[in-house]
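These protein sequence lines map, in sequence, to chains F and C. Positions in the first sequence are counted from 1; adding 27 to them yields the working numbering. Positions in the second sequence are counted from 1; adding 456 to them yields the working numbering. The block underneath contains the structure these notes are about, expressed in structure tokens.
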Amino acid sequence: MKGRRLKYLVAGGIVVAALVGMIYSGVKESVVYFYTPSELTQKKDSVEGKSLRVGGMVVDGSLKWDPQALLLTFQLTDGQGVVIVRHKGTAPDLFKEGAGAVVEGTWTRDGYFRSSNIMAKHSEEYKPPVHPETLESKKELFKSILKEGKP
Amino acid sequence: MARLSFAARLHGGAAALLLAVGLYWGLLAVPADAFQGEVQRIMYLHVPSVSTAYLAILVTFCASILYLWKRDLRIDAVAHSSAEIGVVFLGITLATGAIWGKPTWGVWWTWDARLTVTAIVFTMYVGYLMVRAFAEEPQAGARYGAVLAVLGLPAIILNHFAVQWWRTLHQPSSLIRPGGPSVAPVILWPLVFNIVAMLVLYSYFLLERVRLERIRHRAAESRLKRGRRG
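Have a look at this one:
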């Protein structure tokens with residue numbers, strides 16, 4: 028009787044371990060909410076045409092708005108890679124150069140990311156409007172928005 | 457209807473007064489965040505709501521474990537009541553989060569780790585209330601509920617660290633973080649005040665809800681006695 032119970036326990040344990048392992052690896056793959064620009068530039072051929080998200084900082088001076096075509100063009104960076112993004116339509120109010128953004132869309136054959144949705148990202152810092160932004164505070168913002176080194 | 461005791465009225469009144477002061481302080485008296493503008497002020501509802509929901513889940517967790525050990529329905533009443541209040545505050549958290557998200561992020565909702573886990577926890581506690589409502593035997597309902605509520609603590613810990621472990625649209629924690637709060641004092645103080653006010657409101661709700669449970673229990677017992685006599 029005791030041996031039988033042990034057998035069931037071991038079998039059950041193996042099944043549970045396998046399930047947990049499968050869920051863990053599945054979750055690990057799907058918890059990548061957005062790719063960084065350098066990740067995307069590395070794997071661009073394999074993800075062509077797939078819908079995905081890219082997140083980074085909007086490069087200063089890269090933002091262009093074409094009112095005739097209603098086309099927004101800008102670059103996203105994580106400090107290493109740069110991705111050119113084209114978006115039909117407008118962006119949220121907090122979307123600006125030097126700030127964080129996550130875009131949804133697809134990587135195209137023509138070497139740019141076609142965005143269908145822009146989301147503006149903000150940091151966890153809150154302060155009243157007084158002191159001007161220093162370079163140091165911008166660096167902190169950059170770090171907290173990109174979460175460098177995290178999946 | 458039974459009248460509230462003086463202490464209970466004082467308790468509820470204090471909660472209302474504290475919230476009124478806190479919301480005046482946050483919504484009108486202090487400046488809004490420099491980057492986000494006026495919309496940041498919804499933080500004074502969003503953060504206290506989620507703090508309260510977390511405490512409610514924690515209370516349900518502790519009371520459920522205690523119930524599984526002692527099998528006392530009076531302890532279960534605390535777990536059940538706290539879960540009910542937790543669902544309300546999680547609902548407020550999701551609603552104020554969406555209202556905050558639209559003007560800042562540009563979307564009401566997105567499936568990042570923080571938002572997804574919050575939605576799962578909300579669904580879990582709605583499920584808890586359904587299990588409690590459908591159970592025919594009070595003891596059985598309490599037992600099923602308690603087993604489910606044991607998942608509450610890992611769930612809120614996971615949700616707290618979700619914004620640190622994974623890339624998300626939601627920003628990392630502003631209050632409980634290494635290096636102290638990343639919130640300027642002028643915004644931090646009314647925020648902390650509103651959290652305390654909301655927790656006082658929670659304690660009021662919890663005491664009254666537990667009292668209601670006791671009244672229900674007594675009513676059921678007397679119905680049972682009458683039934684036996686007739």
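Glycine included, every Cβ here is placed at the ideal spot set by N, Cα and C.
Original post:
Pairing CB atoms from the region 99–118 of chain F with CB atoms from the region 128–142 of chain F, are three or more of them under 8 Å?
Top reply: Touching, per the Cβ criterion.
Original post:
aspartate 120 of chain F touches chain C at which residues, Cβ-Cβ below 7 Å?
Top reply: Within the first sequence, the letter at position 93 stands for residue 120 of chain F. The contact set of aspartate 120 of chain F on chain C, defined by CB atoms closer than 7 Å, consists of Pro559 in chain order.
**OP:** Compare the Cα-Cα distances from arginine 665 of chain C to each of C:Ser537, C:Trp645 and C:Val486 and report the closest residue.
**Re:** Along the second sequence, read from residue 1 onward, the residue named residue 665 of chain C stands at position 209. Closest by C-alpha distance to arginine 665 of chain C, out of C:Ser537, C:Trp645 and C:Val486, is C:Ser537.
Subject >> Contact the region 574–581 of chain C vs the region 606–624 of chain C: 3+ CB pairs below 8 Å >> reply: Yes, the region 574–581 of chain C touches the region 606–624 of chain C.
Original post:
Would DSSP call arginine 113 of chain F helix, strand or coil?
Top reply: Within the first sequence, residue 113 of chain F is the residue found at index 86, counting from 1. Strand at arginine 113 of chain F.
Original post:
Would a check of beta-carbon distances place phenylalanine 617 of chain C closer than 8 Å to chain F?
Top reply: If you number the second sequence from 1, residue 617 of chain C lands on position 161. So no, phenylalanine 617 of chain C is outside the interface.
Original post:
Does the beta-carbon of threonine 654 of chain C have 16 or more other beta-carbons within 10 angstroms, so that it is buried, or is it exposed?
Top reply: As a first step, residue 654 of chain C must be located in the second sequence, where it is residue number 198. Here residue 654 of chain C turns out to be methionine, not threonine, going by the sequence shown. The residue in question, methionine 654 of chain C, is buried, as its Cβ has 16 or more Cβ neighbours within 10 Å.
Original post:
serine 630 of chain C to glycine 636 of chain C, Cα distance in whole Å?
Top reply: As a working note, residue 630 of chain C is residue 174 in the second sequence. As a working note, residue 636 of chain C is residue 180 in the second sequence. So the two alpha carbons sit approximately 8 Å from each other.
Original post:
Closer than 8 Å, CB to CB, is glycine 636 of chain C near chain F or not?
Top reply: Reading the second sequence from its first residue, position 180 is the one you call residue 636 of chain C. With 8 Å as the cut-off, glycine 636 of chain C does not count as an interface residue toward chain F.
Original post:
What does glycine 82 of chain F touch in chain C if you count any residue whose Cβ is under 7 Å from its own?
Top reply: Your numbering for residue 82 of chain F matches position 55 in the first sequence. Arg623, listed in chain order.
Original post:
Counting along the chain, where does the alpha helix (DSSP H) carrying valine 129 of chain F start and finish?
Top reply: Within the first sequence, numbered from 1, the residue matching residue 129 of chain F stands at position 102. Under the DSSP assignment, valine 129 of chain F falls outside any alpha helix (DSSP H), being part of the beta strand (DSSP E) whose first and last residues are 127–134.
Original post:
Skipping 5 residues on each side, what residues in its chain have a beta carbon closer than 8 Å to that of glutamine 69 of chain F?
Top reply: As a working note, residue 69 of chain F is residue 42 in the first sequence. Beyond the five residues adjoining it in sequence on each side, glutamine 69 of chain F comes within less than 8 Å, by CB distance, of Gly108 in the same chain, given in chain order.
Original post:
Could you give the C-beta distance for arginine 599 of chain C and valine 59 of chain F, rounded to a whole number, given that I count them as a contact under 8 Å?
Top reply: Position 143 of the second sequence holds residue 599 of chain C. Position 32 of the first sequence holds residue 59 of chain F. About 39 Å; that fails the 8 Å criterion.
Subject >> proline 64 of chain F: contacting residues in chain C (beta-carbon distance under 7 Å) >> reply: Your numbering for residue 64 of chain F matches position 37 in the first sequence. In chain C, no part has a C-beta under 7 Å from the C-beta of proline 64 of chain F; the shortest such distance is about 13 Å.
Subject >> Residue from F:Leu121, F:Ala128 and F:Ala147 with nearest C-alpha to alanine 490 of chain C >> reply: As a first step, residue 490 of chain C is located in the second sequence; it is residue number 34 there, counting from the start. Of F:Leu121, F:Ala128 and F:Ala147, the residue nearest in Cα terms is F:Leu121.
Subject >> Length of the line joining the Cα atoms of glutamine 595 of chain C and phenylalanine 545 of chain C >> reply: Numbered from its first residue, the second sequence carries residue 595 of chain C at position 139. Numbered from its first residue, the second sequence carries residue 545 of chain C at position 89. Each residue's alpha carbon lies about 27 Å from the other.
**OP:** Inspect the beta-carbon positions of valine 534 of chain C and alanine 554 of chain C and report whether they are closer than 8 Å.
**Re:** To locate residue 534 of chain C, count along the second sequence from 1; it is residue 78. To locate residue 554 of chain C, count along the second sequence from 1; it is residue 98. Contact: no.
Original post:
Within 8 Å (strictly less), CB to CB, does phenylalanine 101 of chain F reach chain C?
Top reply: Translated into positions along the first sequence, residue 101 of chain F becomes position 74. Among the CB atoms of chain C, none fall inside 8 Å of the CB of phenylalanine 101 of chain F.
Original post:
Can you list, in chain order, the residues of the region 526–545 of chain C whose Cβ is nearer than 9 Å to any Cβ on chain F?
Top reply: Answer set for the region 526–545 of chain C: empty.
**OP:** Give the DSSP-derived three-state secondary structure of threonine 574 of chain C in the structure shown.
**Re:** For the purposes of this step, residue 574 of chain C is identified with residue 118 of the second sequence, where counting begins at 1. Of the three classes helix, strand and coil, the one that applies to threonine 574 of chain C here is helix, per DSSP.
Subject >> Assigned secondary structure, tryptophan 565 of chain C (DSSP; H/G/I helix, E/B strand, else coil) >> reply: In the second sequence, counting from the first residue as 1, residue 565 of chain C sits at position 109. Note: tryptophan 565 of chain C maps to coil in three-state DSSP.
Subject >> Beta-ladder partner(s) of phenylalanine 140 of chain F, from DSSP >> reply: To locate residue 140 of chain F, count along the first sequence from 1; it is residue 113. For phenylalanine 140 of chain F, the pairing in a beta bridge is given by DSSP as F:Val112 and F:Trp134.
Original post:
Between which two residues does the beta strand (DSSP E) carrying lysine 181 of chain F extend?
Top reply: There is simply no residue 181 of chain F to check, as chain F begins at 28 and stops at 178 in what is shown.
**OP:** With DSSP collapsed to three states, give me the class of glutamine 492 of chain C.
**Re:** As a working mapping, residue 492 of chain C is identified with position 36 in the second sequence. Glutamine 492 of chain C falls in the coil class under three-state DSSP.
Subject >> Residue(s) in a DSSP beta bridge with leucine 98 of chain F >> reply: On the first sequence, residue 98 of chain F is found 71 positions in, with the first residue counted as 1. According to DSSP, leucine 98 of chain F bridges with F:Asp93 and F:Lys115.
**OP:** Indicate whether at least one CB of chain C lies closer than 8 Å to the CB of lysine 115 of chain F.
**Re:** The residue given as residue 115 of chain F occupies position 88 in the first sequence. It does not: the Cβ of lysine 115 of chain F has no partner Cβ on chain C nearer than 8 Å.
Original post:
Expressed to the nearest angstrom, what Euclidean distance is found between the alpha-carbon atoms of isoleucine 548 of chain C and arginine 682 of chain C?
Top reply: In the second sequence, counting from the first residue as 1, residue 548 of chain C sits at position 92. In the second sequence, counting from the first residue as 1, residue 682 of chain C sits at position 226. Rounded to the nearest whole angstrom, the C-alpha separation of isoleucine 548 of chain C and arginine 682 of chain C is 42 Å.
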